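Enquirer:
2 protein chains.
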Amino acid sequence: MILEKKKAFNSFAAAKGLRSTRQRDIILDIFLSTHQHISVEELYLKVKSSNPGIGQATVYRTLKLFAESGLAREVLLHDGQTRYEHVVVGEHHDHLVCTGCNAIIEFEDETIENLQKDIALRHGFFIRSHKLEIYGLCAACRT
Amino acid sequence: MILEKKKAFNSFAAAKGLRSTRQRDIILDIFLSTHQHISVEELYLKVKSSNPGIGQATVYRTLKLFAESGLAREVLLHDGQTRYEHVVVGEHHDHLVCTGCNAIIEFEDETIENLQKDIALRHGFFIRSHKLEIYGLCAACRT
DNA sequence: ATGCTTTTGAAATTCATTTTCATTTACTAC
DNA sequence: GTAGTAAATGAAAATGAATTTCAAAAGCAT
Numbered sequence: 104m105i106l107e108k109k110k111a112f113n114s115f116a117a118a119k120g121l122r123s124t125r126q127r128d129i130i131l132d133i134f135l136s137t138h139q140h141i142s143v144e145e146l147y148l149k150v151k152s153s154n155p156g157i158g159q160a161t162v163y164r165t166l167k168l169f170a171e172s173g174l175a176r177e178v179l180l181h182d183g184q185t186r187y188e189h190v191v192v193g194e195h196h197d198h199l200v201c202t203g204c205n206a207i208i209e210f211e212d213e214t215i216e217n218l219q220k221d222i223a224l225r226h227g228f229f230i231r232s233h234k235l236e237i238y239g240l241c242a243a244c245r246t
Numbered sequence: 104m105i106l107e108k109k110k111a112f113n114s115f116a117a118a119k120g121l122r123s124t125r126q127r128d129i130i131l132d133i134f135l136s137t138h139q140h141i142s143v144e145e146l147y148l149k150v151k152s153s154n155p156g157i158g159q160a161t162v163y164r165t166l167k168l169f170a171e172s173g174l175a176r177e178v179l180l181h182d183g184q185t186r187y188e189h190v191v192v193g194e195h196h197d198h199l200v201c202t203g204c205n206a207i208i209e210f211e212d213e214t215i216e217n218l219q220k221d222i223a224l225r226h227g228f229f230i231r232s233h234k235l236e237i238y239g240l241c242a243a244c245r246t
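Residue numbers (this note's numbering), protein chains in the order written: chain Z, 104 to 246; chain F, 104 to 246.
Laid out in structure tokens, this is it:
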């Protein structure tokens, strides 16, 4: 699975005429090893701990490339940082965001996905991506 | 309707022990006269044109208050600015965002709203607000 | 290897937003 | 009304995420 993603990114890079660099390989490896919703700063710190030479501008630039390639997706929660999550082909999940403890619960609902398609159809709209975030208090914080 | 909103904000302010100021009245008036999704900077410019004395920090502070009071809602689109939209009680709309021309189409779908409630219930989650944005190309841009 | 172009790292810059702080203003008690 | 206080304001400075700049380094075609 991870290998496939690397291949997918390499194809994208090749198609775009991008060069293959050590830095991008490393950042991709580390990104793929992370869990959901990592911020650029967080990823940069991880990268730096094993590869002190890599600068944060490179991490920013590379994550944008990942998003462009379809490997990652930008998520704007409400903490002032851009986060990136993994894109799994054919799967889309949304988020319950707890404003009490900042926990993020993922969920998937096919019916909602289908309703969105209906709505888009009604408006002649072609869907590229979407984002559903529900804000509130998780079970632990609501008490 | 506008009067009710002003009253609602005043109640909120009173309950919070906030003082009533000329600046907040003016900013509220102007905010209520705007259309959807105004950025802080845009609102500040509007405010400044009729009231040059009002500073932008005040506009920032006041819009946060509006959001806290339930009058407005923060919307993060992808242009690096925080935008605010009007909250209409008992109504919630979501957005189709055209990445071609930046048009924003609003829609409402009760079924989706209800499904969200089901999902929250299943996770023991208490919903405060939510946000659904569908990105893609509008009818005009997809051709 | 050579030459050309992309990529990189470090530092500087940008830009939205927040904070600071001295001053002004609103409200409360007299 | 006036005095006392705490909150709100405006201007400027500070912050912090993200982007840009630019010289040096690295990738790639020949």
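Backbone N, C-alpha and C fix where the C-beta goes; we use that ideal spot for every residue, glycine too.
Please read these numbers as outputs of a predicted model, since none were measured by experiment.
Residue 239/Z CB to nearest chain F CB: under 8 Å?
Expert: So yes, residue 239/Z belongs to the interface.
Enquirer: When the Cα atoms are used, what is the spatial distance from residue 154/Z to residue 124/Z?
Expert: Cα-Cα distance, rounded: 14 Å.
Enquirer: Against residue 219/F, what residues of chain Z qualify as contacts under a CB-to-CB distance less than 7 Å, listed in chain order?
Expert: Chain Z residues near residue 219/F: 237.
Enquirer: Chain Z partners of residue 167/F, CB-CB under 7 Å?
Expert: Neighbours of residue 167/F on chain Z: none; closest Cβ ~12 Å, over 7 Å.
Enquirer: Using CA atoms only, rank isn't needed, just tell me which of 190/F, 244/F, 137/F is closest to residue 234/F.
Expert: Selected option, being the one with the closest Cα: 190/F.
Enquirer: Since residue 242/F meets chain Z, which of its residues come closer than 8 Å, beta carbon to beta carbon?
Expert: What residue 242/F touches in chain Z: 226, 227, 228.
Enquirer: Name the two residues that bound the continuous beta strand (DSSP E) containing residue 146/F.
Expert: Taken as a continuous stretch (DSSP letters only), residue 146/F belongs to no beta strand (DSSP E), being part of the alpha helix (DSSP H) at 143-153.
Enquirer: Verify the CB distance criterion: does residue 141/F have a CB-CB separation below 8 Å to chain Z?
Expert: Chain Z, which has no Cβ nearer than 8 Å to the Cβ of residue 141/F, makes this no.
Enquirer: Verify whether the separation of the beta carbon atoms of residue 176/Z and residue 140/Z is less than 8 Å.
Expert: Going by C-beta atoms, residue 176/Z is not nearer than 8 Å to residue 140/Z.
Enquirer: Under 8 Å, with one C-beta from each stretch per pair, do the region 227-245 of chain Z and the region 226-246 of chain F reach the 3-pair mark?
Expert: Contact holds: three or more Cβ-Cβ distances are below 8 Å.
Enquirer: Secondary structure at residue 122/F, three-state DSSP: helix, strand or coil?
Expert: Coil, per DSSP.
Enquirer: Excluding five sequence neighbours on each side, which residues of the same chain lie with their C-beta closer than 8 Å to the C-beta of residue 133/F?
Expert: Answer for residue 133/F: 146, 149, 150, 153, listed in chain order.
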